[in-house]
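K.L.:
Dropping a structure here in structure tokens format, bear with me for questions.
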Amino acid sequence: MARNNRQDNAAVPELEERVVYINRVSKVVKGGRRFALTALVVVGDGNGRVGVGMGKSQEVPIAIKKGVEDAKKNMFTVPLTPEKTLPHDIIGEYGAGRVLIKPATPGTGVIAGGAARAVMELAGVTDVLTKSLGTDNIMNVVKATAEGLKNMQSPEQVAERRGMSVAQMFGWKEKK
């Protein structure tokens, strides 16, 4: 069954992409070293959907293109509050990378290092505090930030898991 690519692309909302890091890597072969480039790319719609991807090639534009394709395949949804912040704080971990992610009051802005900032801005989070703990490896920081956002749960999800309403969970008086 053939697909009409133009129609598929029209159905996907406009995604913003950001190249976070480009690294030159080498492979030792019989005749010497063979160099390649890896690109770490973050894509997002600015409305709660974000993805992280890696691309590798001999040339930078091809590596970036592959990274964008990988990021689109690995997109996930971030539960945002109506104020465009996060529902709770969490520590995301990936390898030796640990990132503390805390919601902030409206008007605070995105307080984050360069690697975590790209993920937060493309996810559509406008008020957040992050702190990178452990490694300063950019790839692990980005992946730890993404893991933290993937593990984030909205109050509705927590209430459903506990078998109660959001009002009961927070101790509010229910409206009748």
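The opening position of the sequence shown corresponds to residue 1 in the working numbering, with each subsequent residue numbered one higher.
Cβ atoms here follow ideal geometry from the backbone N, Cα and C, with glycine treated the same way.
Any idea which residues DSSP pairs S132 with across the strands?
P.N.:
Answer is V99.
K.L.:
Check the C-beta distance from D127 over to A104 and give it rounded, since I have them as a contact under 8 Å.
P.N.:
About 4 Å separates the two Cβ atoms, so the contact holds.
K.L.:
Pick helix, strand or coil for V110, following the three-state DSSP scheme.
P.N.:
Note: V110 maps to strand in three-state DSSP.
K.L.:
Counting Cβ pairs, one atom from each stretch, are 3 or more of them under 8 Å apart for the segment 71-86 and the segment 26-44?
P.N.:
They touch, by the three-pair rule.
K.L.:
Among the candidates E160, T130 and M164, whose CA atom is the shortest distance from the CA of L149?
P.N.:
When each option's Cα is compared against that of L149, the closest is T130.
K.L.:
Leaving out five residues on either side along the sequence, give the residues of the same chain with a beta carbon under 7 Å from the beta carbon of A144.
P.N.:
Hits under 7 Å: G92, E93, Y94, G97, R98 and V99.
K.L.:
Go ahead and pull the three-state DSSP assignment for T38.
P.N.:
Here T38 sits in strand by DSSP.
K.L.:
Mind checking which residues open and close the alpha helix (DSSP H) that includes K73?
P.N.:
Element bounds for K73: V60 to K73.
K.L.:
With distances taken Cα to Cα, identify the nearest neighbour of R34 among Q58, K65 and H88.
P.N.:
The residue with the shortest Cα to Cα distance from R34 is Q58.
K.L.:
What's the gap between the Cα of G107 and the Cα of V29?
P.N.:
About 54 Å.
K.L.:
Going by C-alpha to C-alpha distance, which of V158, G134, Q168 and A146 sits closest to R117?
P.N.:
When each option's Cα is compared against that of R117, the closest is A146.
K.L.:
Straight-line CA distance for N51 to A112?
P.N.:
For the record, residue 51 in the displayed sequence is Gly; it is not Asn. In a straight line, the C-alpha of G51 is about 18 Å away from that of A112.
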